[in-house]
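Data first, discussion second: the structure below is written as structure tokens.
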Amino acid sequence: MELISPYSAAFAAAAALVFHASPPRLRGATLSAVSLSFCALVSSAAAVALATATGFTYLIGRALDGSRGGLGRGSWLSLGVLVLFGHLVAVKTAGAAALGNSFTAIVVAGFGASYYTFKLLSYLLDVYWRRYPAWSSAIDFLACVTFFPQMPAGPIQRPSEFVTTGWTLPDAEQLSAAFRRILLGLMKKLLVADQLASITAPIAAAQPAQWHLVWLLAYLYPIQLYADFSGLADIAIGCAALFGIRSPENFDHPFFVYNISTYWRKWHMTLTRWLGDYVFTPLRMATRNLGNGGLVLSICMNMVLIGLWHAITVGCLLFGVAHGIFLSLDALTTQWRRRLYRRRPGAAAAARALGPVIVYHMVAFALLIFGTTSVHEAARLLIDWVRGLQELGSSIGELFAWVGRRHCLYVSVALTAFVAYELAGFARANGRGGTWRWIEIPSWPRPVRWAGYYAAIALIMLGRGASSRFIYVRF
Amino acid sequence: MSGSRQAAWATWLRLALFALPIALLVFLPVYLIDPYSVFGPHSIVSASIRENYRTRINSVLFKVHAYTLDPSADIILGDSQLAQLPEDVIDRAARRRISNMAYYGASLTEAMQTFWLAAASTHLRQVYFGGDFHLITMSPLENAQDRVTSSKRLLADKSQYFVDHDVLEATWAAGRAQFLGLETDYSPQTSREEFWKLQLNTVIKPTERMDPRMVADLRTMVDYCRTHGIQFVFVLPPQHGDVRKRIEQAGLHDDYESVMSQLQALAEVWDCDVDSEITTDRRQFADPFHLTKEAAVRVAADIWSDRSVYCRHLAWRGQQRMAQAAAESAAGPQL
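Laid out in structure tokens, this is it:
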């Protein structure tokens, strides 16, 4: 089953209707059944792996909670963490290898594994640290962990944030908002991300022959990735709302920031918060006597783990190291910069103006090396990025000839509209968007609203090319 | 039922009402017209109209679907130059069924993906891989086009058929032609002479080179055929002599010879891009690369006949070397 198709939309709508029609005491069971069915439609092996890992974690959680003698709490935790890590590595590597290591194989074998394993790990750690007791209802726990809208690409909603009390249904307003959010996600994915992918994917595949186009890949890929990933997050959050589940947000306009540390607080927020709570903070506590060295070590370890979470490759490792260095420099110079900005307001203004540009380049730099397989390849791409900028005119000419002026115009319009939408959202979120109030769709009269929805659907149907797969589904 | 629950059900009802026009105006026509015959042979639009538009808009989807339903052991791969050769004429000339799996506007990647699709679907016997200098030297950017994989994905989840851009366009064009008598014109809006020149200058670029990765992929395919007892033949389709002149003008003479040599080193070559009554006569061509319908029938019948007059058969160099080695060993040690 494709993640974006009328079939999957019908599945989600039917699942939500069954959930709404179920009596409250059966809603947990309904949701579990629906979620496992969704997973089984993608891969029955993945569904079995998911159910097994969830059942195992539930039992370990119960054992942790009730542990008095015999195996100690630490032993139960170690067992749980080891098995879950082993499970993650097994489904992501051995499973994919058995199925041929193709994109489909990786998705099928490890469907949602990174996301649900992190949910399960945080659950065990929280129960171990006695932040909350182990869940008593196995069915509710299964519903929480296997919740299908979050399976493909998050957000990572920890069991402690997943409110099942009473399984409250959404009201009419929440339902309408949910549908709008899903539509927004589809537009981001199909009209922006896929259109950009029609340019970036061939350029990436054509390396090193088309080295002079690397600059285009470097500048377009971060926006493509953001539209793709945040689009999927919108769909997941909207789908979750159909079941009355409030999912955490995963993005908060990450490119309108002045420094890289703020970027990481606004990009894939549920993952960075997870690693912050369960990796960075414990590490920082353990290394607090080492001063700045401990800080740098904690940051770098954290970022390397974020890189390797995506895949165990040289490119992902380099991605983590690059961001570790950026964040360390940012952390070590914070005080100095604050003093400078207080003394020289001009420097503060320059930092505000240039900050987003510099951050974008840092992100582009790290993403460019993300997909590489060796240090040599990463270095070559970075050199080609700079070399290509010297041949800007001819490469734009080649781009026009290759994709056609019409498609270039279409992509430019989609890109401009997306950036304008993001800017408007950012202005609204920061209380400066009085003039942008018109983007609040619920305030529109119903005929205008419906016309807008139909127009959006027509655009999606007619404007899309062949849909590429969601990038983050593979993790 | 509480007021809030009633309001929630009313929202679901409004959603159904909202979706109804989409179902009636988009999904139902796609199902009833079914331009790519995914739901069977029945349609409210005539077969000829559907074939006309599906071929022009996306010839890959229909062919991939038809082949997966009824695969044949002999296949033709390539781009429009081979795609335009009528299958029934080829079958009669070859006296067996050969599926023409060449596509309009194909990339080398698509041709190779089709090979692997066919190899996974049936036990292949003969593969005719058609491609001119341009297809073989297609740039990595152009080779990124892969409609075979997207067609396979669409056929695996047929609900996507109802929202696919090409299917919607073909449904619209076929419906208009059938019920309103309005034909959609996809032909170039320029004079024959201008189009002839445009094709020559835009298709053959001075930067044409064989991509080493594509050569490696071709070799993998040919090696697979050799180890599985499948006969593999490269077919160089006939082109008007102007194409060769343009290749010379673009300074690509050596590259052309190199491509020929590399193909021959891989497998047997049927070279139809030689001087003949077809390639020297402009009237036989719609543009420098594509034959007229009548000429396509003649060429199709000729290429797969026992004695082709338009093509020369060049043996695989490896075979020549093997034969030479066998002859030398049979002659015994030379004193």
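Chains as they are written, first to last, in numbering that gives the first Met the number 0: chain A, 0 to 474; chain B, 0 to 334.
Beta carbons are placed, not taken as given, at the ideal position from N, Cα and C, and that holds for glycine.
Just to make sure I have the definition right: I need the residues of chain B whose C-beta is within less than 8 Å of the C-beta of residue i. Which are they?
i	result
H19(A)	A7, W8 and W11
F178(A)	L14
State the CB to CB distance for the pair residue i and residue j, rounded to an integer number of angstroms; the pair is presumed to be in contact (CB under 8 Å).
i	j	result
M213(B)	N142(B)	6 Å
A338(B)	P205(B)	Here chain B has residues from 0 to 334 only, and residue 338(B) is not among them.
G27(A)	I138(A)	5 Å
V29(B)	S150(B)	Wrong, their Cβ atoms sit about 16 Å apart, outside the cutoff.
Q112(B)	D145(B)	6 Å
W273(A)	P253(A)	About 17 Å; that fails the 8 Å criterion.
V320(A)	L304(A)	The Cβ separation is near 11 Å, so there is no contact.
I56(B)	E207(B)	Not a contact, Cβ separation roughly 28 Å.
A299(B)	I89(B)	5 Å
A232(A)	P154(A)	6 Å
Secondary structure at residue i, three-state DSSP: helix, strand or coil?
i	result
L2(A)	coil
E439(A)	coil
W269(B)	strand
G71(A)	coil
I277(B)	coil
G77(B)	coil
A105(B)	coil
D286(B)	strand
L536(A)	Outside the displayed span of chain A (0 to 474) sits residue 536(A), for which this structure offers no information.
F102(A)	Confidence at F102(A) is low in this model, with a pLDDT of 47, below 50, so the placement of that residue is unreliable and no value is reported for it.
Y255(B)	helix
F128(B)	strand
F194(B)	helix
A457(A)	helix
R311(B)	strand
N57(B)	coil
S98(B)	strand
I155(A)	coil
P132(A)	coil
F528(A)	Because chain A here runs from 0 to 474, residue 528(A) falls outside it and cannot be looked at.
Q83(B)	coil
L168(A)	coil
P446(A)	helix
L140(B)	coil
G250(B)	coil
G317(B)	helix
S66(A)	coil
G184(A)	helix
If the cut is a Cβ gap below 7 Å, which residues of chain A does residue i touch?
i	result
I21(B)	I456
S47(B)	Residues of chain A passing the Cβ test: none, with the nearest at roughly 26 Å.
D210(B)	A208
V162(B)	P5 and M460
Interface residues of chain B around residue i at Cβ under 9 Å?
i	result
W401(A)	S138, L140 and E141
L16(A)	W11
P201(A)	P139, L140, E141, N142, A143 and Q144
Which residues of chain B have a Cβ atom closer than 7 Å to the Cβ of residue i, listed in chain order?
i	result
L174(A)	A7 and T10
G13(A)	The sequence shown places Ala at residue 13(A), not Gly. By Cβ distance, chain B contributes nothing, its closest Cβ being about 11 Å from A13(A), past 7 Å.
A349(A)	Those do not exist, as A349(A) stays about 39 Å from chain B at its closest Cβ, beyond 7 Å.
A204(A)	P139 and A143
What in chain A is Cβ-close to residue i, meaning under 9 Å?
i	result
D33(B)	Residues of chain A passing the Cβ test: none, with the nearest at roughly 16 Å.
F132(B)	Neighbours of F132(B) on chain A: none; closest Cβ ~18 Å, over 9 Å.
At a CB-CB cut-off below 8 Å, which residues of chain A make contact with residue i?
i	result
F114(B)	Going along chain A, no residue has its Cβ under 8 Å from F114(B), so there is no contact; the nearest lies around 17 Å.
F233(B)	Going along chain A, no residue has its Cβ under 8 Å from F233(B), so there is no contact; the nearest lies around 23 Å.
So with CB distances below 7 Å, who are the chain C contacts of residue i?
i	result
F61(B)	Among the chains of the structure shown, chain C does not appear; the protein chains present are A and B.
Subject >> Complete alpha helix (DSSP H) runs within the segment 230-310 of chain A (minimum length 4 residues, chain order) >> reply: 259-265, 268-274, 280-285 and 291-309
**OP:** Using a Cβ-Cβ cut-off of less than 8 Å, give me the residues of the segment 166-197 of chain B that come near chain A, in sequence order.
**Re:** Listed in sequence order: L167.
Original post:
What are the complete alpha helix (DSSP H) segments, minimum 4 residues, inside the segment 390-433 of chain A?
Top reply: 391-402 and 404-428
Subject >> Contiguous alpha helix (DSSP H) assignments of at least 4 residues, all confined to the segment 1-54 of chain B >> reply: 2-21 and 27-32
Subject >> Members of the segment 441-453 of chain A that neighbour chain B once the beta carbon cut-off is set at 8 Å >> reply: Those residues of the segment 441-453 of chain A that come within reach of chain B (Cβ to Cβ, closer than 8 Å) are W449, Y452 and Y453.
Subject >> Contiguous beta strand (DSSP E) assignments of at least 3 residues, all confined to the segment 186-215 of chain A >> reply: none
Original post:
Could you give the uninterrupted runs of the alpha helix (DSSP H) lying entirely in the segment 10-61 of chain A, keeping only those of 4 residues or more?
Top reply: 26-41
**OP:** Pull out every residue of the segment 413-434 of chain A whose Cβ sits closer than 7 Å to any Cβ of chain B, in chain order.
**Re:** none
Subject >> Contiguous alpha helix (DSSP H) assignments of at least 4 residues, all confined to the segment 167-245 of chain B >> reply: Listed in chain order, the complete alpha helix (DSSP H) runs (minimum 4 residues) inside the segment 167-245 of chain B are 191-202 and 211-226.
Original post:
Which ranges does the alpha helix (DSSP H) cover as unbroken runs of at least 4 residues, wholly within the segment 312-377 of chain A, from first to last along the chain?
Top reply: Restricting attention to alpha helix (DSSP H) runs no shorter than 4 residues, the segment 312-377 of chain A encloses them at 313-331, 333-342 and 344-369, ordered along the chain.
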